[in-house]
Amino acid sequence: MPLSGEGGNHRGEENAKDPTGHRGRDREHQAMEKDGMSFSVRRQELLAKLEERSQECPGLYPFRVAEDFLRIAMDHGGLEDEGICGILEAMWRRPDEAVQLNAQSLIRRGGGLDKDVGERPQKMI
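Structure, rendered in structure tokens:
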């Protein structure tokens, strides 16, 4: 990790991008490391909070259960708890981005958009 004044940012945080595309490490992650709180505990806490918020505020998120939040976070953050927590925290801070993350996840899981128009399923009436 670069120190302040050695090519890092003004806070001395990592210069790499996190899975959400934002620079640096989240302050909560740094505090967790200091306090010894595990990312798996934080992950469960975030999932519970997101599920509760989505049920209290219908329409805020494109899904309502913890399993869906976890699926999206794993698709974008990988299998490590730290990456998953980063995505969950991003969805907590910016619920509108959850729609985009969900769409990207669905496209990836479905193998992408159909490129051959002749193979597209016909609409049912």
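Numbering (this note's numbering), first residue to last: 1486 to 1610.
Glycine residues also receive a C-beta, built at the ideal position from the N, C-alpha and C atoms.
Remember, it's a predicted structure, so these values are computed and weren't measured experimentally.
- The beta-carbon separation of Leu1586 and Arg1528, rounded to 16 Å, does not stay under the 8 Å limit for a contact.
- Following the DSSP letters along the chain, one finds Arg1556 inside the alpha helix (DSSP H) bounded by residues Ala1551 to Gly1562.
- According to the DSSP assignment, Cys1542 belongs to no alpha helix (DSSP H), since it is labelled neither H nor E.
- Boundaries of the alpha helix (DSSP H) harbouring Gly1568: Asp1566 to Arg1578, taken from the DSSP string.
- Ala1558 counts as buried, since at least 16 other C-beta atoms from the protein chains shown sit within 10 angstroms of its C-beta.
- Taking Ser1523 as reference, the option from Gly1544, Asp1560, Val1584 and Cys1570 with the minimal CA-CA separation is Cys1570.
- Within 10 angstroms of the beta-carbon of Glu1536 lie 16 or more other beta-carbons, which makes it buried.
- The beta carbon of Asp1566 sits closer than 7 Å to the beta carbons of Phe1524, Ser1525 and Arg1528 from its chain, once the five residues preceding and following it are set aside; these are given in chain order.
- Taking the Cα of Ala1533 as reference, the smallest distance to any Cα among Pro1547, Cys1542 and Ala1551 is reached at Ala1551.
- Under the 10 Å beta carbon count, Leu1591 is surrounded by fewer than 16 other beta carbons and is classified as exposed.
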